[in-house]
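Some notes on the structure that comes next.
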Amino acid sequence: GWPDKIPAVLGGTNPVASSHFVFTIPEPTGVVAIVAPERSPLLGLVTRLAGVLAGGNVAILLASEASPLPAVTLAETLAVSDVPAGVVNILTGRRSELMPHLARHADIDGVDLWGCPDDLLADAERGAAEHVARIARRPHGEKDRASAFEGERGERIDGMTAFLEMKTVWHPIGS
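Counting from 1, one number per residue, gives the positions in the sequence shown under my numbering.
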């Protein structure tokens, strides 16, 4: 799987013209809030969640308002799996009530707004920006649709890299 390959693929050593050994390693952002897409409530949810978890982050998932059952079923599955308690937290309810609090919460380090409805998107981005949370969103003009989670997009690593931060370390060589 990807979690053990991310440092090898994205990290590495950096040549510098000084007596230092410099290397870059990816680190998880931390707690990431994910707004699951309304359409494709299972595939979209799992696609966004998998990338966040593969990077080593913890997820708070806001389930589809119209179809919360796939998220609730996933919660039951995760509860009896090897995923440690608290790594995936799933919220169900009205997005208009939950989104403002979720985006503005100071303990959330990143917000995945792929499934955020257009009418709540601007407020969610402003709320996340108030405490400098990392934001990922669907490409401009692309709608919340099932085909966005299939084919080429599902094979790219964008979902994993969106919530990784690169840490560069300079280590002196010699005396």
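Where a beta carbon is used, it is the ideal one built from N, C-alpha and C, also for glycine. Everything numeric in this text was worked out from a predicted model, so none of it was measured.
Length of the line joining the Cα atoms of residue i and residue j
i	j	result
residue 174	residue 14	18 Å
residue 97	residue 39	20 Å
residue 158	residue 88	20 Å
residue 78	residue 37	19 Å
residue 44	residue 17	46 Å
residue 29	residue 164	5 Å
residue 57	residue 33	10 Å
residue 81	residue 23	35 Å
residue 11	residue 168	9 Å
Beta-carbon contacts of residue i that lie in its chain and below 7 Å, excluding the five residues immediately before and after
i	result
residue 7	25 and 26
residue 133	108, 109, 110 and 111
residue 95	62, 65, 117 and 120
residue 171	20 and 21
residue 106	131
Cβ neighbour criterion (16 or more within 10 Å) applied to residue i
i	result
residue 115	buried
residue 72	exposed
residue 41	buried
residue 48	buried
residue 146	Confidence is the limiting factor: at residue 146 the pLDDT is only 48, short of 50, which leaves the residue's position unreliable, though a coordinate-based value still follows. Counting Cβ neighbours within 10 Å, residue 146 comes out exposed, since fewer than 16 surround it.
residue 166	exposed
Member of the options whose CA lies at the smallest distance from the CA of residue i
i	options	result
residue 113	70, 139 and 93	139
residue 102	127, 88, 87 and 78	127
residue 35	82, 81, 60 and 5	60
Contacting residues, own chain, Cβ-Cβ under 6 Å from residue i (five flanking each side not counted)
i	result
residue 54	2, 3 and 160
residue 51	159 and 160
(message) Please give me, in chain order, every unbroken run of the alpha helix (DSSP H) with length at least 4 that falls completely inside the stretch 33 to 108.
(response) 43 to 54, 69 to 79 and 95 to 104
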